[in-house]
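Chains Z and D, in that order, give the protein sequences. Taking this note's numbering, the leading residue of the first sequence gets 1, the next gets one more, and so forth. Taking this note's numbering, the leading residue of the second sequence gets 204, the next gets one more, and so forth. Glycine is no exception: its CB is placed at the ideal position from the N, C-alpha and C atoms.
Number of protein chains: 2
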Amino acid sequence: MPGPRTTSPPLKSRLIEQAFLLLDREGPDGVTIRAVARAAGVSHAAPANHFADRRQLLTEMASRIFRQYLDMVATRGSVSGENRARAYLAALTDYGLSFPGRYQLLWRKDLVDWQNPAFLDQLNRAYDDFLQALAAGSRRVAAGDQDIETLGTAAWAMAHGYAVLRSTGIFEPRSDAFTGKPRMEAMLDLLLGADEDQRLPPE
Amino acid sequence: MPGPRTTSPPLKSRLIEQAFLLLDREGPDGVTIRAVARAAGVSHAAPANHFADRRQLLTEMASRIFRQYLDMVATRGSVSGENRARAYLAALTDYGLSFPGRYQLLWRKDLVDWQNPAFLDQLNRAYDDFLQALAAGSRRVAAGDQDIETLGTAAWAMAHGYAVLRSTGIFEPRSDAFTGKPRMEAMLDLLLGADEDQRLPPE
DNA sequence: TTATCGTATTGACACTGTCAATTTGGATTG
DNA sequence: CAATCCAAATTGACAGTGTCAATACGATAA
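See the structure below:
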């Protein structure tokens, strides 16, 4: 039996596709059920068959966004040779600046259901992996005189905060005055140490 | 003649008062023009005489919130004796955790007009003061081998990021495993140095 | 008294999310 | 093949929202 012959791309995927276009163009508030339906060429109530409500649509989008971010981390880590912990952090701000709408959505608790088990599990798994990579690359943690969670929280908060503040326009993109490195790299050096776990030669 | 007999407190201040009640109870999205008008006991279009649109109301609220934050910084600095830079950072997360709705509003670019000159000026002035305090308390900056803006950006981003992530519930309130200090303090130690610019005895 | 002008009210419009009732069309039966 | 069934899409409605236009109100000024 040759499987169910799908007559056209299922509406659900078309809806999500259009929703992402709206998200990138107009931000989270532009993603209304009715606008998505219009963009997909269906009636305003058609999406209700695939998403219980607006929050569920946005939660599903957030889940995909997070997966996309993790892909970026994996790619970056294996390509540039920087250690995995730094890849997590640098990719976070890079992603936030490349896709402001998607990034903003991720942290809008009112629009995304953080209690969603799939989403929560994905996030916890990533954070644990990040902490492990961080511990492996830090001399002070290895020596046992530094709380890995404090370091991890500090680094994650810094990367996230920088992404948010850059995307609001409060911070300008500048380089460190002494090293010439991009600001984010210099900031990570401050926290993680410029001398430890560097893989690239100082050029 | 005993002065102009004001029949009742001016509507504008009553509106803002009710708006803050709504903000604290329901978050930024609960502050609708109509809800504020209802709470103040006037018709739905009455606020239009005092705020051109919803964005302007929320921008005015954001301005007051920022001023309130600066007051908290000043009080904290003069009471605890910690240096001014640390007071800025600690107060930021404290405020964010004490008033989640107000803090969330501050960073909602879609709801608050960051280009508002008064608001922008207030923010820049505070940030410059923060940088100056930071420079005064840092040996490495004083020695001239550390970009003060990188340090300031890192610290500000970290404090803001931590406030946001704590208020979403991603991070739990815990103490540093080695020093026993609150997490935020331990994080600041990582960045600013635990040994420099400490005013309080180690108890 | 009359005129004026800032302020509040009423009413409307286009938009939103969500629910109920209905239609549709393809697959699954008898 | 024809009858049935059922998921999926449509239509229509309701209560909200922000915002605009026209109106009514009231104190002050002439």
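Relative to the Cα of D/Leu273, the nearest Cα in the group D/Arg258, D/Ala290, D/Arg257, D/Gln259 belongs to D/Ala290. Taking CB atoms only, D/Val344 has no neighbour in chain Z less than 8 Å away. Membership of D/Thr262 in the alpha helix (DSSP H) is indicated by the continuous run 257 to 283. Proximity to D/Ile236 across D/His247, D/Gln307, D/Asp324 peaks at D/His247, based on C-alpha coordinates.
Interface residue (Cβ-Cβ distance to chain Z less than 8 Å): D/Arg257 is not classified as such. Only those residues of the region 350 to 378 of chain D whose C-beta falls short of 8 Å from the nearest C-beta of chain Z are listed: Asp350, Glu352, Thr353, Leu354, Thr356, Ala357, Trp359, Ala360, Met361, Ala362, His363, Gly364, Tyr365, Val367, Leu368, Thr371, Gly372, Ile373, Phe374, Arg377. Measuring C-alpha to C-alpha distances from D/Glu352 to each of D/Glu285, D/Arg279, D/Asp332, D/Phe269 identifies D/Asp332 as the nearest. DSSP, read as helix, strand or coil, puts Z/Pro182 in strand.
The region 280 to 299 of chain D makes contact with the region 365 to 383 of chain D: 3 or more CB pairs, one atom from each, lie closer than 8 Å.
If you check the CB distance, D/Val239 and D/Gln221 come in under 8 Å.
Spatial neighbours of D/Phe223 in its own chain (CB-CB distance under 6 Å, excluding positions within 5 residues in sequence) are not present.
Per DSSP, reduced to three states, the secondary structure at D/Ser341 is coil, with no helix or strand assignment. Residue nearest to D/Asp392 within the set D/Ser370, D/Gly340, D/Arg369, D/Glu375 is D/Gly340 (criterion: CA-CA distance). Note on D/Asp379: 16 or more other CB atoms within 10 angstroms of its CB, so buried under the neighbour-count rule. Chain Z has a Cβ within less than 8 Å of the Cβ of D/Ala389.
In the same chain as Z/Ala39, and ignoring 5 residues on each side of it, the C-beta atoms closer than 6 Å to its own belong to Gln18, in chain order. Taking CB atoms only, Z/Ala135 has no neighbour in chain D less than 8 Å away.
Z/Ser175 has Z/Pro182 as its beta-bridge partners, per DSSP. Setting aside the 5 residues that flank it on each side, D/Gly280 is surrounded in the same chain by Arg287, Ala290, each with a C-beta closer than 7 Å to its C-beta; the list follows chain order.
Note on Z/Asp145: under 16 other CB atoms within 10 angstroms of its CB, so exposed under the neighbour-count rule. In its chain, beyond the 5 residues on either side, His50 have a beta carbon closer than 7 Å to the beta carbon of Z/Lys12. Note that the C-beta distance between D/Ala358 and D/Leu394 is below 8 Å. Taking D/Arg217 as the centre and dropping the five residues before and after it, the same chain places the C-beta of Ala243 closer than 7 Å to its C-beta, in chain order. Annotation: D/Gln318 to D/Gln325 spans about 12 Å, alpha carbon to alpha carbon.
Contact between Z/Pro28 and Z/Arg108 holds, since their C-beta atoms are separated by about 6 Å, short of 8 Å. At the C-beta level, D/Leu225 and D/Ala265 stay beyond 8 Å of one another. Looking from the CA of Z/Tyr127, the closest CA among Z/Val73, Z/Pro173, Z/Gln104, Z/Thr179 belongs to Z/Val73.
In this structure, Z/Asp113 sits away from D/Phe381, with a CB-CB distance that is not shorter than 8 Å. For D/Gly230, the chain Z residues whose Cβ falls inside 7 Å of its Cβ are Asp110, in order along the chain. Z/Ala133 counts as buried, since at least 16 other C-beta atoms from the protein chains shown sit within 10 angstroms of its C-beta. Short of 7 Å from the beta carbon of Z/Tyr103, and not among the five residues preceding or following it, lie these beta carbons of its own chain, in chain order: Tyr95, Gly96, Ala163, Ser167. Taking CB atoms only, Z/Phe178 has a neighbour in chain D less than 8 Å away. For Z/His160, the enclosing alpha helix (DSSP H) stretches over residues 148 to 168.
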